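>
4 protein chains.
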Amino acid sequence: MNFASDNTAGAHPDVLKAMADASAGPASSYGTDDWSARLQGALADWFGHAVEVFPVATGGAANALALSQLAQPWSAVFCHRESHIHVDECGAPEFYTGGAKLVTLGTPGQKLTPDQIVAGLADHPRGVVHRVQPGAVSITNANECGLVYDPADVAAIADVTHDAGLKLHMDGARFANALVHLGCEPADLTWRAGVDVLSLGFTKNGAVAAEAVVFFDAALAENFSYRRKRGGHLFSKSRFFAAQFLAMLEGDLWRELAGAANAAASALGAAAAAAGFPPVFPVQANEVFLELPVALAAALRSEGARFFPWHPETDQVALYRFVCSFATTREEVEMFSNRLKLSAARI
Amino acid sequence: MNFASDNTAGAHPDVLKAMADASAGPASSYGTDDWSARLQGALADWFGHAVEVFPVATGGAANALALSQLAQPWSAVFCHRESHIHVDECGAPEFYTGGAKLVTLGTPGQKLTPDQIVAGLADHPRGVVHRVQPGAVSITNANECGLVYDPADVAAIADVTHDAGLKLHMDGARFANALVHLGCEPADLTWRAGVDVLSLGFTKNGAVAAEAVVFFDAALAENFSYRRKRGGHLFSKSRFFAAQFLAMLEGDLWRELAGAANAAASALGAAAAAAGFPPVFPVQANEVFLELPVALAAALRSEGARFFPWHPETDQVALYRFVCSFATTREEVEMFSNRLKLSAARI
Amino acid sequence: MNFASDNTAGAHPDVLKAMADASAGPASSYGTDDWSARLQGALADWFGHAVEVFPVATGGAANALALSQLAQPWSAVFCHRESHIHVDECGAPEFYTGGAKLVTLGTPGQKLTPDQIVAGLADHPRGVVHRVQPGAVSITNANECGLVYDPADVAAIADVTHDAGLKLHMDGARFANALVHLGCEPADLTWRAGVDVLSLGFTKNGAVAAEAVVFFDAALAENFSYRRKRGGHLFSKSRFFAAQFLAMLEGDLWRELAGAANAAASALGAAAAAAGFPPVFPVQANEVFLELPVALAAALRSEGARFFPWHPETDQVALYRFVCSFATTREEVEMFSNRLKLSAARI
Amino acid sequence: MNFASDNTAGAHPDVLKAMADASAGPASSYGTDDWSARLQGALADWFGHAVEVFPVATGGAANALALSQLAQPWSAVFCHRESHIHVDECGAPEFYTGGAKLVTLGTPGQKLTPDQIVAGLADHPRGVVHRVQPGAVSITNANECGLVYDPADVAAIADVTHDAGLKLHMDGARFANALVHLGCEPADLTWRAGVDVLSLGFTKNGAVAAEAVVFFDAALAENFSYRRKRGGHLFSKSRFFAAQFLAMLEGDLWRELAGAANAAASALGAAAAAAGFPPVFPVQANEVFLELPVALAAALRSEGARFFPWHPETDQVALYRFVCSFATTREEVEMFSNRLKLSAARI
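Chains as they are written, first to last, in the numbering used here: chain A, 1 to 347; chain B, 1001 to 1347; chain C, 2001 to 2347; chain D, 3001 to 3347.
1) Run the CB neighbour count on proline 2282/C, radius 10 Å, all protein chains shown included, and call it buried at 16 or more, exposed below.
2) Whose C-beta lies closer than 7 angstroms to the C-beta of alanine 2011/C among residues of the same chain, with five residues either side of it excluded?
3) By Cβ distance, which residues of its chain are closer than 8 angstroms to threonine 1124/B, with the 5 residues on each side in sequence left out?
4) How about glycine 91/A and tryptophan 2074/C: do their beta carbons lie closer than 7 angstroms?
5) Can alanine 2327/C and alanine 2009/C be called in contact, C-beta distance under 7 angstroms?
6) Let me see if you follow: with CB-CB separation under 7 angstroms, is valine 317/A close to chain D or not?
7) Rounded to the nearest angstrom, what separates leucine 1257/B and alanine 1142/B at their Cα positions?
8) Across the segment 2033 to 2051 of chain C and the segment 2179 to 2198 of chain C, are there enough close Cβ pairs to call them in contact, namely three or more that are closer than 8 angstroms?
9) Check alanine 3062/D in the structure and name its three-state DSSP category.
10) Can you name the residues of chain F whose CB is closer than 9 angstroms to the CB of lysine 3229/D?
11) Please decide whether valine 195/A counts as near chain B, where near means a Cβ-Cβ distance under 7 angstroms.
12) If I measure Cβ to Cβ from glutamate 331/A and keep anything under 7 angstroms in the same chain, skipping five residues before and after, which residues do I get?
13) Please report the straight-line C-alpha distance between leucine 2340/C and phenylalanine 2245/C, rounded to a whole angstrom.
14) Please classify threonine 1203/B as buried or exposed, where buried requires at least 16 neighbouring CB atoms within 10 angstroms.
15) So is the beta-carbon of lysine 3017/D under 6 angstroms away from any non-hydrogen atom of the ligand ZN?
16) Examine chain B for any beta-carbon lying closer than 7 angstroms to the beta-carbon of tyrosine 2226/C, and answer yes or no.
17) According to DSSP, what are the bridge partners of threonine 2104/C?
18) Around the C-beta of arginine 2346/C, are 16 or more other C-beta atoms found within 10 angstroms, so that it is buried, or is it exposed?
19) Once the 5 residues before and after threonine 161/A are set aside, which same chain residues still bring their CB inside 6 angstroms of it?
20) Suppose you measure from the CA of arginine 3126/D to the CA of alanine 3164/D; what does that come to, to the nearest Å?
21) In chain order, what are the residue ranges of uninterrupted alpha helix (DSSP H) at least 4 long that sit wholly in the segment 2265 to 2339 of chain C?
22) Mark glutamate 3222/D as exposed unless 16 or more other C-beta atoms lie within 10 angstroms of its C-beta, in which case mark it buried.
23) On a Cα-Cα basis, can you pick out the residue from Glu250/A, Phe289/A and Ala260/A that is closest to glycine 269/A?
24) List the residues of chain C that cysteine 79/A touches, going by C-beta distances under 8 angstroms, in chain order.
25) Run through chain C and tell me which residues come within less than 9 angstroms of leucine 1220/B, C-beta to C-beta.
26) Within the 7 angstroms Cβ cut-off, does lysine 2101/C reach chain A?
27) Only counting runs of 3 or more residues, tell me where the beta strand (DSSP E) segments fall wholly within the segment 2007 to 2033 of chain C, in order along the chain.
28) Hey, could you find the ends of the beta strand (DSSP E) serine 1212/B is sitting in?
29) Could you say if the segment 2286 to 2305 of chain C and the segment 1312 to 1326 of chain B meet the contact criterion of at least three C-beta pairs nearer than 8 angstroms?
30) Count the other CB atoms within 10 Å of the CB of threonine 3314/D; is the residue buried (16 or more) or exposed (fewer)?
31) Restricting to Cα atoms, I'd like to know which of Arg3306/D, Met3335/D, Ser3337/D and Val3214/D is closest to glycine 3041/D.
32) Residue ranges of each beta strand (DSSP E) run of no fewer than 3 residues wholly in the segment 3211 to 3264 of chain D, ordered along the chain?
33) Is there a Cβ from chain D that is less than 7 angstroms from the Cβ of asparagine 2205/C?
34) Checking contacts by CB at 7 angstroms: is glycine 1098/B closer than that to chain C?
35) Applying a beta-carbon distance threshold of less than 7 angstroms, which residues of chain C neighbour proline 151/A?
36) Given this structure, state the Cα-to-Cα distance separating leucine 2319/C from proline 3093/D, to the nearest angstrom.
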């Protein structure tokens, strides 16, 4: 009953096998190996578009490096006030961009809207030397509350972003979950909708460490390899990281695994609703948010459930996040649902 | 016959198996898992000293992050003019330190000496606001030319470093090779000799990606976790990285693998000498440097040998580097030696 | 009728004379001159406390450098959402701190409260590696709306700041205006109330360019001279900058000039109220904020008045800021008041 | 007998008068005043070329900001090993560029040559991700040893710089001294010879603080205003800084003052040669370098002379630098020459 995060799961056996297979024989290092070359092609196929792909160690690195390519040190990066890049990366975007300012917008628990971005832009007029200048827009899909921007949502945001002369970044730590929820193609949610750079994360999806910055315009990737290298994110034995992506793409493993995670979340959400705790946000990807009495949360934990409060537990009722992964089993969800029902009855 | 680098080898099967084993079941993420906890203890045993260990993605990150902890943005970091941190990391130390200056010392092809460091210190008097201030000293062991600082070498450098109020960093990308050459304990070459921070690299030694910053004084590691996080080097599924280290330590796998690499280099060096090309530097670790006619190098490459010139091949004779890894076979060395002898005869 | 800012005034003749006087003969450079030494003593007298003083070129530099000394790159700097450091310095604090995050708190048009800081602290728990860490608190006095924190206000903020193990910075671009409003001593509003570092600005007060970072604890100023030098803020002919401060302190010129500015603002505020436009915020220092019809503002401008809207003029009524300086004359205020009355009657 | 530096002089009375004159009445701030506008035109006339001019507080800031505009964080900035930007700015270029590496070339006491730059470029091949990439070239004119690059020197360096796709920066802290020595036009030594950006320093020449970054191509100055602002170098009362430049240009005051300084140095050099201490480097601008017994230097100091050793005085004989300014009098030079002759005879 570990719902603490989708990164508490291990890796899918096919990913581990792909790494082991990749180990045979010598290979060029630092991204010049065959696996890395094949990855470039495989992702171009996946997206239906030429791409420039740069694997890095973590999603945090992917996001921060991507933003450093889009924004200047004197830029404003517009993002949701609950965005991972603002709240959970200990200032990595500020570090990599050389001090850009993350300008936070939007309403907690809701997706960012084009109007909110337009308002943010209005607060940062171009050419006013005293104010940080519009630099980039970043959204997370699926977002931090488990909500999914559909292609129309993304396109509307991309429009105001591009109208302002900016580029659009998407934090895709749970990109596969979004795709599966929507049942759409990777293209629909990225370049076709106007995304310029994607942080593509397959780690939560089932890999060991498979995170990459994906550019849909080679010109936009100019000099990016130096940024990555300076960040210490160019793996010497790069084949082992390219191989993980290839394994996730092979036979649409990503879809199977994200589907499992989403389904588990959906089941958990339904069970919670049945127990009197309807999810606070629509369950679209693999996350469920429940308002629970703190005492109830404690009881659940004492029975082995693992999950985090979304905010500090300062009141008697708090908001909790439950994340399902590819490894979450039906049994786990059922067991948790039963415990929730029973504990709720007791409290 | 791939002598391009020791990172062109794959990973040892035991490392891959350890990763697969670590995959079972849920585990806390971001370094709070059991494997990471065990790693802390295992390395404390290995070093015979309490340590603070921070796995990161690459040796470049380990070095740059370690230096950022020791030096201030206005510091001089004293290092050898051929050091990897200066020559081969695209400015990563400058990035992570916030702009410290790498002050290069020493003679090409030779180890750094205490006198050279003392001279560097004299050029950077404390309190002169115009000049960058003494910040840290960094040496590579085994170094970039395959030479090994023995405990007395290290201690002598540590003495002048500490006398100046600075800390000593060791780039241990080939630390195991140095240990095996010397036949000494990890302690002898680190804290006992005065090393304050070690970049411990097991990747070249046989892992997929096992690099860590190791502090021998917990106080010195204060706030380091934030630096690592900001760099995007805190792995979410951290167990897979700790597990690699544990596999390398298990049954002294590191020693077996470094021993194999060193032995291969030794054999290659001897064969080259026999063919009329005595190694330019003593073969101590797993690297052999040969001065060869450029035409001979081309002939060797055409027969399948892989290796790099140490400097651009601007003259008729150039210096070449041959690196052996744990995966280098006796047959490869013999085949190369034969080709070298034959080609040399023809040119 | 220039109320655009208090920095549209020239310099007081005594300041210019002091600079001319300081020009005679040779003097050591880079802050080692006699004037700089005397400044240290003069400010110690002024504050009734030992100080470390570092003149710099601008208030923006003073603020950013001061914060870089208090906060780490992975820090949160808590400040008011309308604070100059956040809104008007094009990211200078982010640049100098190496990417710290300015966490904005408070209500527009009001002073920051201790409770708001406590809430900000609660959102940034220590030791959570994902979140930027509490680093410093900064307030502006007089603030951006012309409001003045009195000693009790400052002490209450200092208490929660120090309780959290942080240091308190005060942006004193209009410090003299605050002092005059309160009729208190420099000590009362700084170290005695718990301020650790002050950006002391005499430029708006009547100098050419007299801005300094003032530390009340020498230990806190350690290495600050290197930061200043790296920022390019150590003047070679430093005597000319120290001399300006000395001129402002001489015979309490600062008080006379701030008194004039505050009195002009007070008169302007009273006249506006009489004309039917009561100041939106209490007029405490030298700024007056009026809500005016945009058409009225345009009319006033056409008659030669200079002033800025506080926010973009998107509606029919907007908020405007009027700043008085030492050079604002009674005639100017009267003329403006008459125009306001007449124009208001016509619109 | 103050030969410690040309910045130990005060300011010329005309400069101080210009500042006082500029003080009358209100003026727009932050560089939007009339003086700043006139400066743009006056320097365009002076250079015979359209320019973009950005006054800043110090020469260090001018250099570091200029380089940050030309180089990327992953760049190599090629410069002389004795260049002020490398030796005397406490790492300001590294700070402003975000960590670029200053690659030092050349022979002490000599000007940088095109061949040396070509060799530096060869060591930093484009596209090799491990190595910092060619970013910019910087020369100082007159240089740190008082030597002057003539237009042909500059053009030859500009050629190899531009051939490599780089821009050429000139540190002109003593630009006027170079011009006067050569008797050429500002154009000859800058854009006409291929200089892309000049740090123009009139402070040593006779101003209070008159330093600016001058671009000869407006496109190259794009976004520079944000960099300057972030560095805290946009003066609020900017008129006082523009006025200084205007005073120096008025009636060619710069030439008169640099001429006086150069003549004094020439006289001092001749006197030293006559006393048996011929200048170590040709006396071209306003600096004289003498090898003197340390005991002799001590004797001269005890008689009131002020000057610095060029390197630490570790031997019995050391190299000393004597700098003349516009304020150096014939009497001072004569008195020093006599003392030198007498002291030399006694030692």
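The beta-carbon is built from N, C-alpha and C at its ideal position, and this holds for glycine as well.
Since the model is a prediction, treat every value here as computed from it, not as a measurement.
Taking the structure as given:
1) As a first step, residue 2282/C is located in the third sequence; it is residue number 282 there, counting from the start. Classification for proline 2282/C: exposed.
2) Indexing the third sequence from 1 puts residue 2011/C at position 11. Closer than 7 angstroms at Cβ, skipping near neighbours: Gly2206, Ala2207 and Val2208.
3) As a first step, residue 1124/B is located in the second sequence; it is residue number 124 there, counting from the start. Going by the sequence as given, residue 1124/B is histidine instead of threonine. The answer, listed in chain order, is Ala1076, Val1103, Arg1131, Val1132, Gln1133 and Pro1134.
4) Within the first sequence, residue 91/A is the residue found at index 91, counting from 1. Within the third sequence, residue 2074/C is the residue found at index 74, counting from 1. Cβ distance < 7 angstroms, so glycine 91/A and tryptophan 2074/C count as in contact.
5) Stepping through the third sequence from its first residue, residue 2327/C is reached at position 327. Stepping through the third sequence from its first residue, residue 2009/C is reached at position 9. A contact, by the Cβ cut-off of 7 angstroms.
6) The residue given as residue 317/A occupies position 317 in the first sequence. By this cut-off, valine 317/A is not an interface position.
7) The residue you call residue 1257/B lines up with position 257 of the second sequence. The residue you call residue 1142/B lines up with position 142 of the second sequence. Each residue's Cα considered, the two are about 15 angstroms apart.
8) yes
9) By one-based count along the fourth sequence, residue 3062/D stands at place 62. In this structure, alanine 3062/D counts as helix in the three-state DSSP scheme.
10) Of the protein chains in the structure, A, B, C and D, none is chain F.
11) Counting from one through the first sequence, the residue named residue 195/A turns up at place 195. Valine 195/A does not count as touching chain B.
12) For the purposes of this step, residue 331/A is identified with residue 331 of the first sequence, where counting begins at 1. Answer for glutamate 331/A: no residue qualifies.
13) Taking the first residue of the third sequence as 1, we reach residue 2340/C at position 340. Taking the first residue of the third sequence as 1, we reach residue 2245/C at position 245. For leucine 2340/C and phenylalanine 2245/C, the distance between alpha carbons rounds to 37 angstroms.
14) Within the second sequence, numbered from 1, the residue matching residue 1203/B stands at position 203. Buried, since its Cβ has 16 or more Cβ neighbours within 10 Å.
15) Only the bare structure without any ligand can be found here, which leaves the ligand ZN out of the picture.
16) For this step, residue 2226/C is matched to residue 226 along the third sequence. By this cut-off, tyrosine 2226/C is an interface position.
17) Working through the third sequence from its first residue, we reach residue 2104/C at position 104. Cys2079/C, per the DSSP bridge assignment.
18) Here residue 2346/C is taken as the residue at index 346 of the third sequence, counted from 1. So arginine 2346/C ends up on the exposed side.
19) On the first sequence, position 161 is the one that residue 161/A refers to. Around threonine 161/A: Val137 and Leu168.
20) Position 126 of the fourth sequence holds residue 3126/D. Position 164 of the fourth sequence holds residue 3164/D. Each residue's Cα considered, the two are about 10 angstroms apart.
21) 2294 to 2302
22) Taking the first residue of the fourth sequence as position 1, residue 3222/D is located at position 222. So glutamate 3222/D ends up on the exposed side.
23) Within the first sequence, the letter at position 269 stands for residue 269/A. Nearest option by C-alpha distance: Phe289/A.
24) Translated into the one-based positions of the first sequence, residue 79/A becomes position 79. Neighbours of cysteine 79/A on chain C: none; closest Cβ ~13 angstroms, over 8 angstroms.
25) One-based indexing of the second sequence puts residue 1220/B at position 220. The contacting residues do not exist; leucine 1220/B stays about 16 angstroms from chain C at best.
26) Counted from its first residue, the third sequence places residue 2101/C at position 101. Cβ-Cβ to chain A under 7 angstroms: yes for lysine 2101/C.
27) none
28) Taking the second sequence and counting its residues from 1, the one referred to as residue 1212/B is at position 212. Serine is not the amino acid found at residue 1212/B; the sequence shown has alanine there. It spans 1211 to 1215 - the beta strand (DSSP E) in which alanine 1212/B sits, taken as one unbroken run.
29) no
30) Within the fourth sequence, residue 3314/D is the residue found at index 314, counting from 1. It counts as exposed.
31) Taking the fourth sequence and counting its residues from 1, one reaches residue 3041/D at position 41. When each option's Cα is compared against that of glycine 3041/D, the closest is Val3214/D.
32) 3211 to 3215
33) What you label residue 2205/C is simply residue 205 of the third sequence in a count that begins at 1. Taking Cβ atoms only, chain D never reaches closer than 7 angstroms to asparagine 2205/C, which makes this a no.
34) Within the second sequence, the letter at position 98 stands for residue 1098/B. True, the Cβ-Cβ gap to chain C drops below 7 angstroms.
35) As a position in the first sequence, residue 151/A is number 151, starting the count at 1. The premise fails here: proline 151/A is roughly 30 angstroms from chain C at the closest Cβ pair, so nothing lies under 7 angstroms.
36) Taking the first residue of the third sequence as position 1, residue 2319/C is located at position 319. Taking the first residue of the fourth sequence as position 1, residue 3093/D is located at position 93. Going from the Cα of leucine 2319/C to the Cα of proline 3093/D covers about 42 angstroms.
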